[in-house]
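Below: one structure, written as C-alpha cells.
Numbering (my numbering), first residue to last: -15 to 364.
Written out as C-alpha cells, the structure is:
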C-alpha cells in the first residue's frame, strides 16, 4: 500500500502525444517544439457525415458537428523529423462518434486505402488533443441530429479544454442542474435574443484570462442566421434563475477556485495485491489545471462490482459500483479506505480546508459528487 501511495504522489506528469509513422509528435499543433519531431501545419481536412450506408460530404469542415451523428474526418498535414530538412506529408482518418449516435455500418471515403490508410476511432468527450487542431476554429458540437436541430428553443453549451487550440464547446441539457461552479457556459436564448456567457464562481484563473480573447459566442452565431443578430450578455453564478423558469433542479455551489486537477483511480486485486490504476485525461497538460478530467462513463463502464477512489481538491471519495455485496469486494473496500486515509496523511491539497474521506454508491450519488463530472445522467 505504501508503495502505491508513493507512486501516486511522485508520479511524473506525462503529456499526451500523437503517434504517426512510428514517431511521437507531441499533442499536435499546440506548443510545437521545433527541436523535436513535430507537426508543422495542416494542409487540408475533409469531413463526411455517415448516413446509414453512405457518406455525405460536408460543404466545408467548419467545426460544427452533431452529437447524434457519426463523421469521418480526413486530416492531411505536414510534419518534420528532427535532424532532417525534408518536409513530409501525412494523412489520418478520424472516425468520430457523437455520444448520442447509434453504432452502425461505416462506409469508407473514396480515397481510402484499406491496406495503408490509418484510422483512429474516437468518441465525443474523449478525443485526443490533436483532433481539435484540425478545425479552423474551436469545435462546436450541437445536440441531436442535424435534420432535427431547433434553433428557436434555448441551448446550453459547456466550454471545455485548457489550451487555446483545444478549447471546444459541447451542448448539454438546458437545465440548471447542468451548470458547474468551475466551468464557463454559453446560453443561446432566442426569446431574449441574446447569447449569455455564464461564469461559475470558481473558474480557474487560466480560463478567465484565455476565454475572452477567443470570442466563442461569435462561433455560435454561425450556427443559424437568426443567432447571428443576437446580443451578448454576461452572467455570474447565481444570476441565472430568470433563464430557467419552472426549473427546480440545482447544482453544487463551490467556493474554492481549483488549484488541483482531480484524479480518478480504479481499485482492484487482479494480480493478488491491491492495485490503483489511474484514469488518464486525454487532454492532460503538466502546466494546466483541468477541472473535469473524467466522465461518468469511466465509473459505469467498468466491470461490476467496481471500486474507484476519486481524489478531489477538498475530499477523497470512495465510489462503490453495483452488485457489491460479496466478501471479496468488502475486503477491497477496506483496502481502499486504508489507502484513502493514508493518502490524506501524506498530502495536503487544500491547505485552507480539512480534507475528509467520503462515500458514494452507484445510483445514489450526491450532488457534491456528481458535479465533479462535466455532466451526469441519473439512472444511468
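Idealized CB from N, CA, C, for every residue including glycine.
For residue 211, the closest alpha carbon among the candidates 58, 135 and 265 is that of 135.
Burial is judged here by how many other beta carbons sit within 10 angstroms of a residue's own beta carbon; residue 187 has at least 16 and is buried.
The beta carbon of residue 265 is closer than 8 Å to those of 245, 274, 277 and 278 in its chain, skipping five residues each way along the sequence. Per DSSP, residue 143 is one residue of the beta strand (DSSP E) stretching across 139 to 144.
Cβ atoms of residue 160 and residue 235 come within 8 Å of each other, at about 6 Å. Annotated three-state conformation of residue 49 is strand, per DSSP.
Just so you know, the alpha carbons of residue 94 and residue 131 end up roughly 25 Å apart. In the three-state scheme derived from DSSP, where H, G and I count as helix and E and B as strand, residue 206 is classed as coil.
In chain order, 51 and 52 place their CB closer than 6 Å to the CB of residue 84, counting only its own chain and leaving out the 5 sequence neighbours on each side. In the structure shown, residue 360 adopts coil according to DSSP, grouped into three states. Of the residues 123, 329 and 11, the one whose Cα lies closest to the Cα of residue 112 is 11.
By the CB criterion at 8 Å, residue -1 and residue 270 fall inside the cutoff.
Look at residue 313 here: in three-state DSSP terms it is helix. Beta-bridge annotation (DSSP): residue 71 is not paired with any residue. In terms of CA proximity to residue 105, 58 leads the group 58, 348 and 67.
In the structure shown, residue 280 falls within a helical segment according to DSSP collapsed to helix, strand and coil. Considering only 178, 284 and 254, the residue with the shortest C-alpha distance to residue 312 is 254. Per the C-alpha coordinates, the member of 318, 296 and 142 positioned closest to residue 201 is 142. It is roughly 13 Å from the alpha-carbon of residue 49 to the alpha-carbon of residue 118.
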